[in-house]
């Protein structure tokens, strides 16, 4: 049994990827390190039973994954983590919403426009506030609350005009947002300089978002969201409180990991969606509408590993509780290799 682990474009092995290697070696399996920069990469890929590339939101990674993964899974017949069913819509809220509509998944109602005129017509009679989002971004980046028709029009014209660089996002239409844009650009330039001095890619979030606009229904009176991560037959969950004086909870860093505060309906719903869609791994962010019904606003196959490990346990599909601290890497490997006997070392 051979497991190939792809490391990133700059030939560095991250702590995240090393955890997979340590678990495999702990169980007597020697991993094979792979990089698409290797001249014999494709020959080496043929040797593996599982190809693992847990990429993130940097645009270079997304570009590479969308190139490699379909060939390895569909044309070479090699099992992948993440597989395409799990990952093709990663970091793209529009793809996620279209998938949800097709399969009647409980995702918050959204409006997607590819035409400026149609978007402006919708804005005339929309019920405000609504939430504007770029299709990509994590930790509540690229998200804004739109309170008026005028503000919606400004965002629509921005998206169908100069567009938005996701690394320097700031909403239009106010002096404050102008200061924010300058501040974001200066911060972005500083980060670019630091990365350049380290010999790294200075601008890993380089794409311009334009010629579409995405709005999502605003659900009021949510002081927190419920993050549920399903890996196979296991669900991990905790609640995330909103940022101070903000409607957003993602990226707040304020959690409650007590399983007693988790709404088990969110856990049950997450299991149902993952099972229906055959997802290997998926994290959902749940909110409630004024009637108390649960909806998720977005999903992601990958997440912060430490947030999973710090939890005191997980639920199975029958909502039985299993105590313990587990790295998600263990369950990714157990499921992908069909090896439920795999264990994790005491220290990772």
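In my numbering, the protein residues as written are 85 to 432. Ideal placement from N, C-alpha and C gives every residue a C-beta, glycine not left out.
Less than 8 Å separates the beta-carbon of residue 382 from that of residue 369. Contact annotation: residue 177 and residue 219 have beta-carbon atoms nearer than 8 Å. In the DSSP assignment, residue 383 falls within the unbroken beta strand (DSSP E) covering 378 to 384. The three-state reading of DSSP puts residue 349 in helix, counting H, G and I together.
Annotation: the continuous beta strand (DSSP E) that includes residue 324 extends over 318 to 325. The straight-line gap separating the alpha-carbon atoms of residue 389 and residue 102 is approximately 12 Å. For residue 144, the uninterrupted alpha helix (DSSP H) segment begins and ends at 143 to 154.
Rounded to the nearest angstrom, the gap between the Cα atoms of residue 209 and residue 243 is 19 Å. Listed in chain order, the beta strand (DSSP E) runs fully inside the segment 119 to 206 are 134 to 136, 163 to 165 and 194 to 197, counting runs of at least 3 residues. Nearest to residue 156 by alpha-carbon distance, out of 174, 318, 137 and 173, is 137. Here the alpha carbon of residue 190 sits roughly 11 Å from the alpha carbon of residue 371. Taking C-beta atoms as the reference points, residue 322 and residue 353 fail to come closer than 8 Å. Non-local C-beta neighbours of residue 405 in its own chain, meaning closer than 8 Å and more than five positions away in sequence, comprise 343, 397, 398 and 399, ordered along the chain. For the options 378, 430 and 312, the alpha carbon positioned closest to that of residue 384 is the one of 312. Its chain contains 145 and 149 as the residues whose beta carbon lies nearer than 6 Å to that of residue 139, once the 5 sequence neighbours on both sides are disregarded; these appear in chain order. Residue 366 is bridged by DSSP to 314.
Relative to the Cα of residue 100, the nearest Cα in the group 416, 239 and 319 belongs to 416. DSSP lists 197 as the bridge partner or partners of residue 297.
Straight across, the Cα-Cα distance linking residue 135 with residue 391 is about 25 Å. Taking a C-beta distance under 8 Å as the contact criterion, residue 302 and residue 229 qualify as a contact pair. Rounded to the nearest whole angstrom, the CA to CA distance from residue 238 to residue 203 is 11 Å. For residue 89, the enclosing beta strand (DSSP E) has its first and last residue at 87 to 90.
When beta bridges are read from the DSSP output, residue 308 appears opposite 325. Under the criterion of beta carbons closer than 8 Å, residue 120 and residue 152 qualify as touching, at roughly 6 Å. As computed with DSSP, residue 117 is found in a beta bridge with 89. In this structure, residue 387 places its C-beta atom within 8 Å of the C-beta atom of residue 367.
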